[in-house]
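Visitor: Protein sequence lines, in the order shown, are assigned to chains A and B. Numbering (my numbering) for the first sequence: 1 to 351. Numbering (my numbering) for the second sequence: 1 to 351. Okay, here's the structure, questions in a sec.
Number of protein chains: 2
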Amino acid sequence: MESAIPSHLQTARSRHRRVPDDYAPPYPSFVARHKPAVVNVIMAYFGLQYRGQPTATVTEALEQIAELFARANGPAHWDRAQYVDQAGFANVVSVAYWDDVARFDAWFELAREAWIGSDAASDGVGRFIEVLRPHVARYETLFSSLDRPEGVAVLADSMSGEVQEHAYWGGMRDRIALSQTDAMVPAGEPRAVRDGARIRIIAHDNLCLIRSGQDWSDTEAEERKMYLDDVEPVLREGMDFLRDDGVPIGCYANRYMRVVDAQGQPTEKSYGQSWWKSLAALERWAESHPTHVRIFGAAMKYLSTLGPNAKLRLYHEVTVAAADEQFFEYLNCHERTGMLNAVQGVTMKPA
Amino acid sequence: MESAIPSHLQTARSRHRRVPDDYAPPYPSFVARHKPAVVNVIMAYFGLQYRGQPTATVTEALEQIAELFARANGPAHWDRAQYVDQAGFANVVSVAYWDDVARFDAWFELAREAWIGSDAASDGVGRFIEVLRPHVARYETLFSSLDRPEGVAVLADSMSGEVQEHAYWGGMRDRIALSQTDAMVPAGEPRAVRDGARIRIIAHDNLCLIRSGQDWSDTEAEERKMYLDDVEPVLREGMDFLRDDGVPIGCYANRYMRVVDAQGQPTEKSYGQSWWKSLAALERWAESHPTHVRIFGAAMKYLSTLGPNAKLRLYHEVTVAAADEQFFEYLNCHERTGMLNAVQGVTMKPA
Chain A
1 MESAIPSHLQ
11 TARSRHRRVP
21 DDYAPPYPSF
31 VARHKPAVVN
41 VIMAYFGLQY
51 RGQPTATVTE
61 ALEQIAELFA
71 RANGPAHWDR
81 AQYVDQAGFA
91 NVVSVAYWDD
101 VARFDAWFEL
111 AREAWIGSDA
121 ASDGVGRFIE
131 VLRPHVARYE
141 TLFSSLDRPE
151 GVAVLADSMS
161 GEVQEHAYWG
171 GMRDRIALSQ
181 TDAMVPAGEP
191 RAVRDGARIR
201 IIAHDNLCLI
211 RSGQDWSDTE
221 AEERKMYLDD
231 VEPVLREGMD
241 FLRDDGVPIG
251 CYANRYMRVV
261 DAQGQPTEKS
271 YGQSWWKSLA
281 ALERWAESHP
291 THVRIFGAAM
301 KYLSTLGPNA
311 KLRLYHEVTV
321 AAADEQFFEY
331 LNCHERTGML
341 NAVQGVTMKP
351 A
Chain B
1 MESAIPSHLQ
11 TARSRHRRVP
21 DDYAPPYPSF
31 VARHKPAVVN
41 VIMAYFGLQY
51 RGQPTATVTE
61 ALEQIAELFA
71 RANGPAHWDR
81 AQYVDQAGFA
91 NVVSVAYWDD
101 VARFDAWFEL
111 AREAWIGSDA
121 ASDGVGRFIE
131 VLRPHVARYE
141 TLFSSLDRPE
151 GVAVLADSMS
161 GEVQEHAYWG
171 GMRDRIALSQ
181 TDAMVPAGEP
191 RAVRDGARIR
201 IIAHDNLCLI
211 RSGQDWSDTE
221 AEERKMYLDD
231 VEPVLREGMD
241 FLRDDGVPIG
251 CYANRYMRVV
261 DAQGQPTEKS
271 YGQSWWKSLA
281 ALERWAESHP
291 THVRIFGAAM
301 KYLSTLGPNA
311 KLRLYHEVTV
321 AAADEQFFEY
331 LNCHERTGML
341 NAVQGVTMKP
351 A
C-alpha cells in the first residue's frame, strides 16, 4: 500500500486526510506516476461542432488537427470522442496530452491559428479549444486496473502499486498533492471576452475539470449485460442531469462522450467530461445526487464482489487549475457549449 | 444558518471542516443545544435479557428500574425499547439521561447494586449496564424536525436554528466540537474483567456510540407506505449486517430496537444502537456499505423532495467517548451481548 501522492510531492501538512493512517480500502486502485522531472501536464480539448452529418469541411478539419498533432512538438498522446449535445449539435472532440510546457507552447500558436483562426471563422463549423496546464500537484488520476492507461496517464512513467486514498468520499481531494496545504477554494466568476469572431472565457482560480471514463470492451455475458442494462442507464441519467441542470450546483458544463477509433467508429469506451466551479461542488454532487449515489453504490458492490475478476475498466483524471493554467476559446459555437454555458446572460467585453 | 458547534465550544482549529464556508445544505436539520453550564451528559442503558415470554422476575425488574429512575437524582428523561437478538433472546433496554455528573454519581451506586448486584445474580435473567458520560465536546445530535426531541436532546435547553454541517459525508464528525482539534483515533483493544458473576468490559479511548432513530407515527398513506415498504426493509438489512458481521469492520455490536410505551406495547418509533471501534469505522460503513448507501440515497431523495412536508422524523446522537467516560457491566448475558461481542475468544482476568 502506498500513498497516491508521490514522495517528491509530499509536504508538511496543514490539512489532514479524511481517513486515519490505518485505513485499508476494500479493493485495489492505482494512480499514474510521472517522472519527478515532470512539472506540468497539458490537457487540450479541440472541439468541432456541427448539425447533421459531417460535411467535407468537418472531415478536413478532423484530418487537419490529426496532422497538426503529428508535427514536431505535438502531443505524446491523443484520442477522439463524439456526442450529440442538448442543442442537437454533433460535437467531435480530439483530446491531446503533453508533459512539457515548452513543447506545447512551441506547438500551440500555429495550431491555434489553424484550428480557430481567421481561416476557420467563415467555414460555418463551430470550433473550440479548452486547455488546462496544471502543475502536477494540482491533478490526480485513478484506475481500477493496471494494464490499460487512458488520457493523461498514457504519458506517465508507470502506474503505482495499490494506493490508500480511494473508495471513500474525499479520496479524490486526498489524492491531489495540493490538498496537503490548500482548500482549493474558487475565487471570482467566469467572464467572457470577445476577440473578433472568437469568444474567450476567463474563468477563475481553482476551476475544476474531471474526465471520468469507462471501458466495457473486455466484459462478457453477465458482466456486459449488467454494465449495459444496470449501470450505463444510471450513469447517463447523471450525465444528462449535469448537462441540463448542472449550473445551479456548480457544474458549468458536461459532455458524455463516446470514444471513436481511427476510422471515426464508436468503440466500447466512453467518458464524461465536466467543468466545475470547484472541487467541492464536484464532491457534493458525487456524494448526494441520487443518480451518482446509485452509481457509486453499484460500483462499490460490483468491485467488492468481482474484485480482480471485473472486466469493466474505470478511470478518471481530476484537475483543480490555477487561473493562469487555463485557456478557453470558442468560435461559431452555440451558447451552451463548454464554458460558454458558465457565462450565459453576461455582457461580453471586447478583448 | 448557524454552526452545529455552539459558540462556547468553538476553538482555534488545527483541523478543517470538510465543506467550504459557503456550503449550503439542501434541506434543513437541527441540533440540540444545552445550556453552556452543562459540561457532561450521561447516557445509561439498563438491559434485561431473557428467552421466551417475560416472567414475573422480568416484570418486577422493569418495575424496579422505573422505580429507581423516579428516585432523587434520577434521570431527567428515560425511554424503553426492545428487540429479539441474534441468539433468540428478548432484550428490553431502559435508556436514561442526565446532564449532571454529580447527580448521576449520587444515584448510580445504589441503582447498580439493585440492578446487577448480588441479589440479581441468581434470578436467571441477564442484566447489563452500558454507560457513557461524554464531555459535551465529544458528542453531537441531529434532528430532521424541531418539535419532538428524543434521547439526550430531551434534556437540552433548546433546539438550534438550521445548522450548516449536515447532508454531506463527514458532517457527523464536523458537528462534534472536539473535531476542531482532534482526529479522535482509537487507542488499544477492549478487554474483559471478571468480578464475581459480573463481567466488566474495559474498552479504549475514542470508542464510538450511535443511537439513530426514526419515528413514523405521523406519516400517512403514501409516505407511510414508502417508509414501511421501501425504507424500513433496507434499514433492517443494514442493521442485521452490523449485528451479524460488524466486528471485522469495527462495529462491536448493534441493536435494532423498537421503542415501547408505558404499557410495554410497541410504538411507531425505532432506533439502532451500535458500538464502534472508532468514529472513522462508523463513517466508512455509512459511506460505503451498500445497505447504508441505499438508505442514504433514499433519504436524500425523500427529504429533498418532500422538504418540510415530510412527516417521517429522523434523529441521531453520536458520541466519541474518552476511556474514562465509559462503563460496561454484564451479568448472565450470552457472549454476543453488547460489548461482550467485542472480546469473544479473549481470556478474562479477574478484577
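Virtual Cβ for every residue (Gly too), placed ideally from N, Cα, C.
Nearest-angstrom Cα distance between A:Ile210 and B:Ala87?
Guide: By 1-based counting over the first sequence, the position of residue 210 of chain A is 210. By 1-based counting over the second sequence, the position of residue 87 of chain B is 87. Computed Cα separation, rounded: 49 Å.
Visitor: Say whether chain A places a C-beta atom closer than 9 Å to the C-beta of B:Lys301.
Guide: The residue labelled residue 301 of chain B in the question sits at position 301 within the second sequence. With 9 Å as the cut-off, B:Lys301 counts as an interface residue toward chain A.
Visitor: Within the chosen definition, does the segment 179-197 of chain B reach the segment 46-64 of chain B through at least 3 CB pairs nearer than 8 Å?
Guide: Short answer: they don't touch.
Visitor: By DSSP's criteria, A:His316 is part of a beta bridge. Which residues make up the other side?
Guide: As a position in the first sequence, residue 316 of chain A is number 316, starting the count at 1. The partner list for A:His316 (beta bridge, DSSP) reads A:Leu142, A:Ser212.
Visitor: Within a Cβ cutoff of 6 Å, which residues of the same chain sit near B:Pro186, ignoring the five residues on either side of it in sequence?
Guide: Here residue 186 of chain B refers to the residue found at position 186 when the second sequence is read from its first residue. Excluding sequence neighbours, B:Pro186 sits near His204, Asn206, Lys277, Ser278.
Visitor: Select from B:Trp275, B:Met257, B:Ala280 the residue whose C-alpha is nearest the C-alpha of B:Lys269.
Guide: Taking the first residue of the second sequence as position 1, residue 269 of chain B is located at position 269. The option with the nearest alpha carbon to B:Lys269 is B:Met257.
Visitor: Pull up the distance between the alpha-carbon of B:Arg336 and that of B:Met239, whole angstroms please.
Guide: Counting from one through the second sequence, the residue named residue 336 of chain B turns up at place 336. Counting from one through the second sequence, the residue named residue 239 of chain B turns up at place 239. Roughly 15 Å between the two C-alpha positions.
Visitor: Tell me where the alpha helix (DSSP H) around A:Leu68 begins and ends.
Guide: Working through the first sequence from its first residue, we reach residue 68 of chain A at position 68. Note, A:Leu68: alpha helix (DSSP H), 56-69.
Visitor: Assign A:Ser274 to buried or exposed, taking buried as 16 or more other Cβ atoms, counted over all protein chains shown, within 10 Å of its Cβ.
Guide: To locate residue 274 of chain A, count along the first sequence from 1; it is residue 274. Buried is the call here.
Visitor: Which residues mark the beginning and the end of the beta strand (DSSP E) in which B:Val293 is found?
Guide: Position 293 of the second sequence, counted from the first residue, corresponds to residue 293 of chain B. That residue, B:Val293, is in no beta strand (DSSP E); its alpha helix (DSSP H) goes 290-306.
Visitor: Go ahead and pull the three-state DSSP assignment for A:Arg51.
Guide: Your numbering for residue 51 of chain A matches position 51 in the first sequence. Reduced to three states, the DSSP call for A:Arg51 is coil.
Visitor: Which full runs of the alpha helix (DSSP H) of 4+ residues lie inside the segment 172-238 of chain A, going along the chain?
Guide: Counting whole runs of 4 or more residues, the segment 172-238 of chain A contains the alpha helix (DSSP H) stretches 221-226.
Visitor: Between which two residues does the beta strand (DSSP E) containing A:Val101 stretch?
Guide: Here residue 101 of chain A corresponds to residue number 101 of the first sequence, with the count starting at 1. A:Val101 -> not in any beta strand (DSSP E); alpha helix (DSSP H) instead, spanning 101-116.
Visitor: Roughly how far, in whole angstroms, is the beta-carbon of A:Val163 from the beta-carbon of A:Ser29, given that I think they are within contact range, below 8 Å?
Guide: Looking up residue 163 of chain A in the first sequence gives position 163. Looking up residue 29 of chain A in the first sequence gives position 29. Confirmed, about 6 Å.
Visitor: For A:Thr305 versus A:Val234, is the C-beta spacing smaller than 9 Å?
Guide: Here residue 305 of chain A is taken as the residue at index 305 of the first sequence, counted from 1. Here residue 234 of chain A is taken as the residue at index 234 of the first sequence, counted from 1. Not closer than 9 Å, so no.
Visitor: Which residues, in chain order, does the segment 158-187 of chain A contribute to contact with chain B at a C-beta distance below 8 Å?
Guide: For the segment 158-187 of chain A, which is checked against every Cβ of chain B, the residues closer than 8 Å are Ala167, Tyr168, Trp169, Gly170, Ala183, Val185.
Visitor: Between which two residues does the beta strand (DSSP E) holding A:Lys269 run?
Guide: Position 269 of the first sequence, counted from the first residue, corresponds to residue 269 of chain A. Counting along the chain, the beta strand (DSSP E) containing A:Lys269 begins and ends at 266-276.
Visitor: Quick one, which of B:Gly126, B:Leu303, B:Met172 has its alpha-carbon nearest B:Arg18's?
Guide: For this step, residue 18 of chain B is matched to residue 18 along the second sequence. Taking only the C-alpha atoms, the option nearest B:Arg18 is B:Met172.
Visitor: Does the beta carbon of B:Pro233 come closer than 9 Å to any beta carbon on chain A?
Guide: Residue 233 of chain B sits at position 233 when you count from the first residue of the second sequence. No, B:Pro233 does not count as interfacial toward chain A.
Visitor: Since B:Ser179 contacts A:Tyr168 with CB under 8 Å, what's their CB separation in whole angstroms?
Guide: In the second sequence, counting from the first residue as 1, residue 179 of chain B sits at position 179. In the first sequence, counting from the first residue as 1, residue 168 of chain A sits at position 168. Actually they do not touch by this definition, with Cβ atoms about 17 Å apart.
Visitor: Taking Cβ positions only, does A:Glu150 come closer than 9 Å to chain B?
Guide: As a working mapping, residue 150 of chain A is identified with position 150 in the first sequence. With 9 Å as the cut-off, A:Glu150 does not count as an interface residue toward chain B.
Visitor: Use the C-beta contact count for A:Ser122: other C-beta atoms within 10 angstroms, 16 or more gives buried, fewer gives exposed.
Guide: On the first sequence, position 122 is the one that residue 122 of chain A refers to. It is exposed - the Cβ of A:Ser122 has fewer than 16 other Cβ atoms within 10 Å.
Visitor: For A:Asn332, which option in A:Leu48, A:Val39, A:Pro26, A:Asp105 has the closest C-alpha, if you only look at C-alpha atoms?
Guide: On the first sequence, position 332 is the one that residue 332 of chain A refers to. Of the candidates A:Leu48, A:Val39, A:Pro26, A:Asp105, the one whose C-alpha sits nearest the C-alpha of A:Asn332 is A:Leu48.
Visitor: With a threshold of 16 other CB atoms inside 10 Å of the CB of A:Asn309, please say whether the residue is buried or exposed.
Guide: For this step, residue 309 of chain A is matched to residue 309 along the first sequence. With fewer than 16 Cβ atoms within 10 Å of its Cβ, A:Asn309 is classed as exposed.
Visitor: For A:Asn332, which residues does DSSP report across the bridge?
Guide: Here residue 332 of chain A corresponds to residue number 332 of the first sequence, with the count starting at 1. The partner list for A:Asn332 (beta bridge, DSSP) is empty, contrary to what the question assumes.
Visitor: Could you tell me which residues DSSP pairs with A:Ala44 in its beta bridges?
Guide: Position 44 of the first sequence, counted from the first residue, corresponds to residue 44 of chain A. In DSSP, A:Ala44 forms a bridge with A:Ala96, A:Val131.
Visitor: Which one of A:Gly151, A:His135, A:Asn341 has the shortest CA to CA distance from A:Asn254?
Guide: For this step, residue 254 of chain A is matched to residue 254 along the first sequence. Checking every option, the nearest Cα to that of A:Asn254 belongs to A:Asn341.
Visitor: Just grab the DSSP bridge partners of B:Gln256 for me.
Guide: What you label residue 256 of chain B is simply residue 256 of the second sequence in a count that begins at 1. Per the sequence shown, residue 256 of chain B should be read as Tyr rather than Gln. According to DSSP, which records beta bridges pairwise, B:Tyr256 is partnered with B:Gly272.
Visitor: Let's test the definition: count the other Cβ atoms within 10 Å of the Cβ of A:Gln53 and tell me whether it reaches 16, buried, or not, exposed.
Guide: The count along the first sequence starts at 1 and reaches residue 53 of chain A at position 53. Exposed, since its Cβ has fewer than 16 Cβ neighbours within 10 Å.
Visitor: Hey, is B:His16's beta-carbon within less than 9 Å of any beta-carbon in chain A?
Guide: Position 16 of the second sequence, counting from 1, holds the residue named residue 16 of chain B. Output row for B:His16: interface = yes.
Visitor: Compare the C-beta of A:Ser288 with all C-beta atoms of chain B and state if any pair is closer than 9 Å.
Guide: Within the first sequence, numbered from 1, the residue matching residue 288 of chain A stands at position 288. It does: the Cβ of A:Ser288 has a partner Cβ on chain B nearer than 9 Å.
Visitor: Assign A:Val163 to one of three DSSP states: helix, strand, or coil.
Guide: For the purposes of this step, residue 163 of chain A is taken as residue 163 along the first sequence, with counting starting at 1. Of the three classes helix, strand and coil, the one that applies to A:Val163 here is strand, per DSSP.
Visitor: With a cut-off of 9 Å, does the C-beta of A:Phe30 fall near any C-beta of chain B?
Guide: Reading the first sequence from its first residue, position 30 is the one you call residue 30 of chain A. No, no contact with chain B.
Visitor: Cβ closer than 8 Å: which chain A residues qualify as neighbours of B:Pro354?
Guide: This structure cannot speak to residue 354 of chain B, because chain B is shown only from 1 to 351.
Visitor: Is the beta carbon of A:His16 sitting closer than 9 Å to the one on B:Ala183?
Guide: As a first step, residue 16 of chain A must be located in the first sequence, where it is residue number 16. As a first step, residue 183 of chain B must be located in the second sequence, where it is residue number 183. Result yes, Cβ atoms of A:His16 and B:Ala183 sit closer than 9 Å.
Visitor: Spell out the partners DSSP gives A:Gln263 in its beta bridges.
Guide: Translated into positions along the first sequence, residue 263 of chain A becomes position 263. Beta-bridge pairing links A:Gln263 to no other residue.
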